[in-house]
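One structure is given below, encoded as structure tokens.
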Amino acid sequence: MLLEVKDIHISYGDIQAICGVSFCLERGELVSIIGANGAGKTSILNSVMGIFPPQKGAIYFKGQDITTMPVHQRARIGIRIVPERSRVFPRLTVYENLMTGVYGLKNKLPIDERVSWLYEVFPILKERHNQIGSTLSGGEQQQLSIARALISDPELLLVDEVSMGLMPKLVEQVFGVLEQLNRGHGLTILLVEQNAFASLNISARGYVLETGTCVLHGDAKELMDNPRVKEVYLGH
Amino acid sequence: MSSYVITIGTIIVIQAIAVCGLNVIVGYAGQISLGHAAFFGIGAYSAAILTTKAGFSFWTALPLVIGMSGFIGLLLGLPSIRVREDFLAITTIGINFIVEAVFRYVQFFGGALGIGGIPRIVLFGIKLKGITFFLLCLGFLIVVLFICWWFTRSWASLACYAIREEETAASTMGISPVRFKLLAFVIGTAMAGLGGSLYAHYMQFISAGDFSFPVSVAFLSMLVLGGMGTLWGPVVGTLILGVLPEVFRPLVDYRIFFYTLLLLLMIRFQPGGILGEGSVVRRILAPILKGGRA
Ligand SMILES: Nc1ncnc2c1ncn2[C@@H]1O[C@H](COP(=O)(O)OP(=O)(O)O)[C@@H](O)[C@H]1O
Ligand SMILES: [Mg+2]
């Protein structure tokens, strides 16, 4: 088991965002958590990354309890996040943005190799190599954000609504890249999405989140056939 | 050069050293500090005490003085890094007042009388005065600028930039915000300590008022005017604010009012300062600079 989340509770003041959610990921799996806006998807990813730890419950990564570990240490042991709305560094160039991702790992990684591989996967970044973050389009920022998370060769990639604000064609392309990373490179990915179809389509398993609790989970194909999921998320 | 010009120049160079340190904290690491004069004072008082009471020379005391300023910077930086930005402003103001009060009321630090009889710096058997002392200070400023330049080229600065622009995002990249903020505090306060030491040996007499809160405001005005986060900004800002009151004599009396007003106006209308990105001066100079480089 690569990631195990056990009965976590997260609240912001009086607002109970997550009450008692549990899930797990095997190494090499691609798993989706789908849910409407405000269901608590970002809260779950942020708690796994350590940005806002859960008040109750526990999180294990490679068998180690990381519930209270600081964010930067989680990043160093192999967890990386592609945050909601990408968040690239606006005043750093594309290349410098990528370099922030290998901080502290510069002696352990073949950096040039990683960069040229990422430029192959995201050719637009190669073109924009020396451009500063704020001048990139939304889609380009998303790609940079993914590349920046990948450059450190993480073991677990958390992806928060990459499809948001992207043109349908780009959504397809980005999900294609994620699928390729999972199938071709064995990268373990946890996706959270409102776009249920696109994410379940490339996932092995899925969890359905409604107002802070997990109401359904199972095989991705089965979830896509589930009448309730169809009605609420797939618009059938 | 007349001794008047040398006097002004020496003070400007000493202040520029302290402002470079402030730039590391505010400009590079994005941590507001309104108490930088405290560390300038800690450097000055350590140098004064070590040389007048413990028999050290400027040179043998220097590592201790810099180490002491940086270490106290680290201790006081520790709580600061856990508080939000607006609290950090208040905390650093508080530090300034406390440090000044300690200098003023503790007998060991000379109390209200301050410390006098601080010896001149001796180099190669020569007592440095006037132009030679100015050159020594200039040498230290160059070293400080070189360290800043090196810092902006290093991995540490990339981390600091990332933290300044977005702390959470930086930490998800494996960058420890705490570590780099503290690093910036230590380097910045150590530079202030160096400046303070030179100040003590130049004035030969120091008292608590030399390191009061208005001095911190002045340092910050100089930095903001010149351009936070730029290499030459601290020097340009200190030069302008050092020379202006000499040219416009009436300004001297309203110095602190002028500094504060300037600070507020700059932050409102030109936060990048004179040398920052997108500044008016940069836009005007751009064609010339480009021509020069090409
Ligand atoms: N920082 C916060 N402060 C207060 N409430 C929050 C905060 N972040 C999220 N919430 C609330 O928690 C709930 C879940 O939010 P979130 O995890 O962002 O959901 P999602 O990502 O699925 O849209 C929402 O009701 C939201 O309003
Ligand atoms: Mg969200």
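For the record, the sequence lines run as chains A and B.
Under my numbering, think of the first position of the first sequence as 53, with each following residue one higher.
Under my numbering, think of the first position of the second sequence as 168, with each following residue one higher.
Beta carbons: idealized from backbone N, C-alpha and C, even for Gly.
Beta-carbon neighbours of residue i, restricted to chain B and to distances below 7 Å
i, result
"G42 (chain A)", "Residue 42 (chain A) falls outside the range modelled here, since chain A spans only 53 to 288, and no answer is possible."
"V123 (chain A)", "S338, T339"
"G139 (chain A)", "The question names Gly, but residue 139 (chain A) in the sequence shown is Arg. Residues of chain B passing the Cβ test: E333, A336."
Any chain B beta carbon closer than 8 Å to residue i
i, result
"A199 (chain A)", "no"
"G115 (chain A)", "no"
"E245 (chain A)", "no"
"S204 (chain A)", "yes"
"V100 (chain A)", "no"
"I70 (chain A)", "no"
"P142 (chain A)", "yes"
"P135 (chain A)", "yes"
"I60 (chain A)", "no"
"R180 (chain A)", "no"
For residue i, three-class secondary structure by DSSP
i, result
"I203 (chain A)", "coil"
"F291 (chain B)", "coil"
"I133 (chain A)", "strand"
"E213 (chain A)", "coil"
"E122 (chain B)", "This structure cannot speak to residue 122 (chain B), because chain B is shown only from 168 to 461."
"A273 (chain A)", "For the sequence presented, residue 273 (chain A) should be read as Lys rather than Ala. K273 (chain A): helix per DSSP, three-state reduction."
"K108 (chain A)", "strand"
"R435 (chain B)", "helix"
"G190 (chain A)", "helix"
"K178 (chain A)", "helix"
"K348 (chain B)", "helix"
"Y155 (chain A)", "coil"
"F301 (chain B)", "helix"
"F372 (chain B)", "coil"
"S63 (chain A)", "strand"
Buried or exposed (CB count within 10 angstroms, at least 16 for buried), residue i
i, result
"V391 (chain B)", "buried"
"Y366 (chain B)", "buried"
"F141 (chain A)", "buried"
"Q274 (chain B)", "exposed"
"Q181 (chain A)", "Looking at the sequence itself, residue 181 (chain A) is His, so the reference to Gln does not match. By the neighbour-count rule (16 or more Cβ atoms within 10 Å), H181 (chain A) is not buried but exposed."
"E78 (chain A)", "exposed"
"H237 (chain A)", "exposed"
"R416 (chain B)", "exposed"
"T120 (chain A)", "exposed"
"T339 (chain B)", "buried"
"F424 (chain B)", "exposed"
"A461 (chain B)", "At A461 (chain B) the pLDDT is 32, less than 50, meaning the model places this residue with poor confidence and gives no usable figure here."
"R280 (chain A)", "exposed"
"A279 (chain B)", "exposed"
Alpha-carbon to alpha-carbon, residue j and residue i
i, j, result
"I178 (chain B)", "I330 (chain B)", "33 Å"
"Q116 (chain A)", "L428 (chain B)", "55 Å"
"I181 (chain B)", "I60 (chain A)", "56 Å"
"S324 (chain B)", "Q198 (chain B)", "14 Å"
"M389 (chain B)", "T405 (chain B)", "5 Å"
"Y464 (chain B)", "T174 (chain B)", "Past the boundaries of the shown model lies residue 464 (chain B); chain B is included only from 168 to 461, so the question cannot be answered."
"I239 (chain B)", "S170 (chain B)", "36 Å"
"C315 (chain B)", "A199 (chain A)", "30 Å"
"G208 (chain B)", "V403 (chain B)", "23 Å"
"I354 (chain B)", "Q232 (chain A)", "45 Å"
"V83 (chain A)", "H269 (chain A)", "10 Å"
"I282 (chain B)", "F113 (chain A)", "59 Å"
"F301 (chain B)", "K178 (chain A)", "50 Å"
"E245 (chain A)", "K93 (chain A)", "8 Å"
"G194 (chain B)", "A375 (chain B)", "27 Å"
"L144 (chain A)", "V266 (chain B)", "38 Å"
Amino acids of chain A, ordered along the chain, whose beta-carbon sits closer than 9 Å to that of residue i
i, result
"T258 (chain B)", "Going along chain A, no residue has its Cβ under 9 Å from T258 (chain B), so there is no contact; the nearest lies around 22 Å."
"L325 (chain B)", "L144, E148, M151, T152, Y155"
Minimum Cβ-Cβ distance from residue i to chain A less than 8 Å
i, result
"S343 (chain B)", "yes"
"T427 (chain B)", "no"
"E333 (chain B)", "yes"
"Y171 (chain B)", "no"
"A359 (chain B)", "no"
"A351 (chain B)", "no"
"A214 (chain B)", "no"
"W399 (chain B)", "no"
"A329 (chain B)", "yes"
"W322 (chain B)", "yes"
Closer than 8 Å at the beta carbon, the chain B residues around residue i
i, result
"M216 (chain A)", "The premise fails here: M216 (chain A) is roughly 17 Å from chain B at the closest Cβ pair, so nothing lies under 8 Å."
Chain-ordered neighbours of residue i on chain D, where CB pairs are closer than 7 Å
i, result
"T319 (chain B)", "Structure shown: chain D not included; protein chains present are A and B."
Contact set between residue i and chain B, taken where Cβ atoms lie within less than 9 Å
i, result
"S127 (chain A)", "The question names Ser, but residue 127 (chain A) in the sequence shown is Ala. Per Cβ cutoff of 9 Å: S338, T339, M340, G341, I342."
"R132 (chain A)", "T339, M340, G341"
"I103 (chain A)", "T335, S338, T339"
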